[in-house]
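Some notes on the structure that comes next.
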Amino acid sequence: MRESIVNSLTFAESSISKFISEQPFIFLVIGIILLRSIIAQMIKSRLKKKYILPYENRDNVENGQFHLDYFKKLHSVNLFGVALILSLIFIYFVTKGEVISTVLAVAIGAMVITFQTFLVSFLMYFILMNKYKVGEAISIPDLHIQGEILSIKPFSIGLSGKTDDGENDGKAYSVSNYQLWLHPVTRLRFGKGIYTK
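894 is the number that this note's numbering gives the last residue of the sequence shown; the numbers go up by one with no jumps.
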């Protein structure tokens with residue numbers, strides 16, 4: 698029993714040594730990716746402490762500017778990680794003489810998957826600009842938000858919250874265009890004796 702364990706450990710050690718000697722770059726890539734993951738988790742934890750935790754028990758948490766800032770910075774961390782991994786993969790394939798198109802296909806696929814939220818938000822901007830105007834009132838029932846459109850930006854829409862009577866409720870919302878793609882939006886019309894959807 699003891700001899701078989703020793704043999705297994707010896708085999709594992711020789712296999713790892715052989716792998717490192719034959720493929721040092723892959724071993725380096727794995728090490729860099731692990732290090733990047735650890736650092737990214739630490740940064741994300743700090744960002745959460747700064748932007749999310751202090752506001753957890755407050756009203757209108759989901760729409761504060763701090764929430765948008767948190768996700769912008771989070772996407773920056775993810776962007777750096779993807780860029781690093783793609784660069785390492787590119788260098789590996791180029792040094793191995795592989796076809797560049799494979800690397801480009803992987804890179805494009807990774808970019809689309811990683812930044813699908815941004816892509817959808819940006820594409821939704823053109824739809825929103827065509828469909829709605831500043832000053833119109835809309836409702837997003839799934840998010841329990843209704844209000845007057847203050848601004849339509851490439852990645853978000855600004856709303857001034859309204860009550861069912863059309864009165865200002867004192868809340869300001871900044872909703873990601875991606876959320877408007879996920880949830881149905883209804884046009885509202887306020888006025889004396891009027892409340893239509």
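Just so it is clear, CB atoms sit at the ideal spot from N, CA and C, and this is done for glycine as well.
Alpha carbon to alpha carbon, how far is G728 from F708? Give it in angstroms, no decimals. Cα-Cα distance, rounded: 22 Å.
The segment 731-745 in contact with the segment 770-788 per 3-pair CB rule at 8 Å: Verdict: yes, contact present.
Among I786, G867 and G863, whose alpha-carbon lies nearest the alpha-carbon of R884? Relative to the Cα of R884, the nearest Cα in the group I786, G867 and G863 belongs to G863.
Residues of its chain near M638, where Cβ-Cβ distance is below 8 Å and the 5 sequence neighbours each way are ignored: In the structure as shown, the chain starts at 698 and stops at 894, and residue 638 therefore has no counterpart that could be examined.
Considering only C-alpha positions, which residue in the set S857, F819 and F787 is nearest to I837? The residue from S857, F819 and F787 with its alpha-carbon nearest to that of I837 is S857.
Range of the contiguous alpha helix (DSSP H) that encloses Y875: Element bounds for Y875: N874 to L879.
If you follow the alpha helix (DSSP H) that K954 is part of, which residue opens it and which one closes it? Since the first and last residues shown for the chain are 698 and 894, residue 954 lies out of range.
Residue from H841, I730 and V803 with nearest C-alpha to N775: Answer by Cα proximity: I730.
Tell me the rounded alpha-carbon separation between G778 and V882. Roughly 34 Å between the two C-alpha positions.
Quick one, are the C-beta atoms of L750 and Y767 less than 8 Å apart? No, the Cβ-Cβ distance between L750 and Y767 is not below 8 Å.
Which two residues bound the contiguous beta strand (DSSP E) that contains L847? Segment I842 to I849, the beta strand (DSSP E) holding L847.
By how many angstroms is the C-alpha of S734 removed from the C-alpha of K828? Cα atoms of K828 and S734: separation of roughly 41 Å, rounded to the nearest angstrom.
Given S873 as reference, the closest of F819, I835 and N704 once Cα atoms are compared: Nearest neighbour of S873 by Cα position, chosen from F819, I835 and N704, turns out to be F819.
Considering only residues of the same chain and omitting the five flanking positions on each side of V803, which have a CB-CB separation below 7 Å? Around V803: I786.
My output table needs one value for K660: the three-state DSSP class, helix, strand or coil. Residue 660 lies beyond the range of the chain shown here (698 to 894); nothing can be said about it.
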